[in-house]
Amino acid sequence: MISTINCFKKIKYLHPVLEPILAETYGVIVYQEQIMEIAARMAGFTLGQADLLRRAMGKKKADVMEQQRAKFVSGAKERGIDEKKAEEIFDIIQEFAGYGFNKSHSAAYALITYQTAWLKANYRPEFMAAYLSSQIGAKKEVLAEYVREVRTSGIKVLPPEVNTSMANFTPIADVVRFGLGAVSKSGHTAVEAILAARDSGGSFSSLWDFLCRVDLRVVNKSVVENLIRAGAFDSICSNRRQLLEGLPDLVSAASKKCTDGNQCSLFELLPEQEEDTGPDLPDVEDFSLYERLELEKEATGIYISGHPFEQHEGKVRSLSNCRICDLKKWRSRRVPPFVGGMILSVKEKMTKNGDPMGLIEIEDGEARVEAVCFPRIWASLRGR
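Set out below in structure tokens:
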């Protein structure tokens, strides 16, 4: 449709009867009303019969649609339309069931489209933050796809941060801050407890301070572990291994302190008491960059602070002539594209002839693509 609107393609109608019906939508069936008019003009359906066809498409019942097909083709033949042409037109009508809608809805859809396009153009960080927030609670793979799309648009997505992140994704100047609610296992109740503690007592100064102030019955050990994995405590302590390994002792001590909270000794009433810093964190070396990134992906579904591919990007780029994100633009060139990246998944499927073939998903930090390995090539790669 876009090609015909821009005059790149000429509109072709399968039958002259369709032209006055489909002219306003550039030769494409878009509205349910168009289906009804086609059925009436081409096959002699009454308005009531055409409405039954419309409803049958909505329910997608195969037996009912076959009855409607026979009636449509028969009516079209009576009006001098070739049977094969009538079958072809009904096939298109049947495909319409997957995307069509009532014409009266188009104004509402157009208004929403205009509003969102304007917001995306003029308030991009705010729009993208809302766009990502709409997917909190979805599968991690779905949210990851949305984050990749936002990054591709030029908006940077910052890691979650326990002292600045809100429940949802939030715009900060021209970037977006990851929402605490998007971290795995951080449910609504846990996030609300964290925000309440932060609002009442200010920023958290340490993991111990955090554990002593939040409700550990709600913000349990699993929640905190994933926040650490995601990098939410990096501004407090950048050594994630130290925090994760010290967490069990800290949680135990904080829980005990909470239990004993109502018991006050005479010594606690004396001035100049030393600040309670809790158990010491273990003296351990932090995770490697690759390990940190894998922990981030485990907790959020995506790599946030970097990408494992970056370590090998220079070498891979020197061996390739195309980035994955540029593959669509490459079609007009005579030279075949060579791309490189990380293998995300490998699947084996069978062809119609019963031969195994492979589907390999590749990512290069910017985009991903599925490479198809046909049987002959797959036979040489299989098992590697």
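End of the sequence shown sits at 396 in my numbering; the numbers just go up one at a time, nothing left out. A virtual CB, placed ideally from N, CA and C, is assigned to each residue, including glycine. These figures come from a predicted structure and were not determined experimentally.
Where in the region 168-240 do unbroken runs of the beta strand (DSSP E), each at least 3 residues long, occur, reported from the N-terminal end onward? 168-170, 182-184, 187-189
If you follow the beta strand (DSSP E) that Glu322 is part of, which residue opens it and which one closes it? It is not in any beta strand (DSSP E) - Glu322 carries neither H nor E in the DSSP assignment.
Give me the DSSP bridge partner(s) of Met354. Glu375
Does the Cβ-Cβ distance between Gln44 and Asn114 come in under 8 Å? yes
I believe Gly191 touches Ser177 by the beta-carbon criterion, under 8 Å. Please report the beta-carbon distance rounded to the nearest angstrom. 6 Å
Going by C-alpha distance, which of Pro294, Thr182, Asn175 is nearest Ser212? Asn175
So the candidates are Trp220, Asp246, Arg225, Asp227; which of them puts its Cα closest to the Cα of Pro260? Trp220
Going by C-alpha to C-alpha distance, which of Gly87, Ile148, Gly39, Phe108 sits closest to Gly70? Phe108
I'd like the span of the beta strand (DSSP E) that includes Ala383, first residue to last. 380-385
Spatial neighbours of Val296 within its chain, please: CB distance less than 8 Å, with the 5 preceding and 5 following residues excluded, ordered by chain position. Asn251, Arg253, Gln254, Glu257
According to DSSP, which residues form a beta bridge with Pro368? Met362
Distance CB(Leu144)-CB(Val85) smaller than 8 Å: no
Suppose you measure from the CA of Val381 to the CA of Cys334; what does that come to, to the nearest Å? 13 Å
Burial state of Leu278 (16 or more Cβ within 10 Å): At Leu278 the pLDDT is 45, less than 50, meaning the model places this residue with poor confidence; the figure from the coordinates comes in the next sentence. Burial call: exposed.
Is it true that the CB of Val230 sits closer than 8 Å to the CB of Thr462? Beyond the ends of the chain as shown, which are 13 and 396, falls residue 462; an answer cannot be given.
N- and C-terminal bounds of the alpha helix (DSSP H) containing Glu49: 44-55
At what residues does the alpha helix (DSSP H) containing Leu65 begin and finish? 59-71
Pro262: first and last residue of the uninterrupted alpha helix (DSSP H) it sits in: Note on residue identity: the sequence assigns Leu, not Pro, to residue 262. Run containing Leu262: 252-271, per the alpha helix (DSSP H) assignment.
Tell me, which residues are paired with Phe113 by DSSP? Tyr43
Which same chain residues, not among the five before or five after Leu359, have their C-beta less than 6 Å away from its C-beta? Sequence inspection shows Lys at residue 359; the Leu mentioned does not correspond to that position. Cβ within range, chain order: Leu371.
Check whether the region 127-140 and the region 73-82 touch, using three or more Cβ-Cβ pairs below 8 Å as the test. no
Here's a check: name, in chain order, each residue in its chain whose Cβ is nearer than 7 Å to the Cβ of Pro349, leaving out the five neighbours to either side. Asn333, Cys334, Leu339, Trp342
Using the rule of at least 16 other Cβ atoms within 10 Å of the residue's Cβ for burial, across every protein chain shown, is Arg304 buried or exposed? buried
Taking the CB atoms as reference points, tell me whether Ile316 and Ala242 lie closer together than 8 Å. yes
If the criterion is Cβ atoms closer than 8 Å, does the pair Gly318 and Leu155 meet it? no
Quick one: grab the DSSP three-state call for Ala119. helix
According to DSSP, is Thr289 part of a helix, a strand, or is it coil? coil
For Gly112, the nearest candidate out of Leu59, Val159, Thr37 (CA to CA): Thr37
Ile101 and Met54 closer than 8 Å at C-beta: yes
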